[in-house]
Amino acid sequence: MAGATEVQQTLQRIAARKGVLGVIITTFEGAPIMSTFDDERTALYASKVAPLVQTSRAALQDLDAQASQRDRCCCCDLNDLTFLRLWSKKHEIIIAPDRDFLLVTVQDPSSNTAGNA
1 MAGATEVQQT LQRIAARKGV LGVIITTFEG APIMSTFDDE RTALYASKVA PLVQTSRAAL
61 QDLDAQASQR DRCCCCDLND LTFLRLWSKK HEIIIAPDRD FLLVTVQDPS SNTAGNA
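Residue numbers (UniProt numbering): 1 to 117.
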């Protein structure tokens, strides 16, 4: 497992890319672990992103369950949320959920690199 210093260096490297405004790692429940944002902005994004991921993940599982019942298939692998991307005029939020953690990247959508990941 990577050490805290290595993870922090990786976050800084991602944050230094053109168009990236900040990067956050949270627990799956939304508790911030590391961030390149200030505490206030970190808490804001973390509190909004975690419930969004949980709701999206649950929706996918519900859709899979309905499809399995409709198709009379009980052996199908269920989908899981692997990536979530949101665009607004001000920000592009990219979320990569893991079993225990969320990696959140906030970008400026007007930059040349936003939307090309």
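All C-beta atoms, glycine included, are put in the ideal place defined by N, C-alpha and C.
N- and C-terminal bounds of the alpha helix (DSSP H) containing residue i
i          : result
residue 13 : 4-15
Other residues of its chain near residue i: CB distance less than 6 Å, five sequence neighbours each side excluded
i          : result
residue 93 : 86 and 106
Start and end residues, beta strand (DSSP E) containing residue i
i          : result
residue 22 : 20-27
residue 35 : 32-35
residue 85 : 84-87
Residue i vs residue j beta-carbon contact at 8 Å
i          : j          : result
residue 4  : residue 28 : no
residue 47 : residue 81 : no
residue 83 : residue 25 : no
residue 79 : residue 60 : yes
residue 88 : residue 18 : no
residue 98 : residue 21 : no
Own chain residues within Cβ distance below 8 Å of residue i, not counting five before or after
i         : result
residue 8 : 34
Rounded distance between the beta-carbons of residue j and residue i, thought under 8 Å
i          : j          : result
residue 11 : residue 36 : 6 Å
Cut-off 7 Å between Cβ atoms - residues of its own chain near residue i, not counting five sequence neighbours on either side
i          : result
residue 15 : 22, 23 and 36
Cβ-heavy atom distance, residue i to the ligand ADP, below 7 Å
i          : result
residue 91 : Inclusion of the ligand ADP in the displayed structure is not the case, the ligand content being empty and no account of it being possible.
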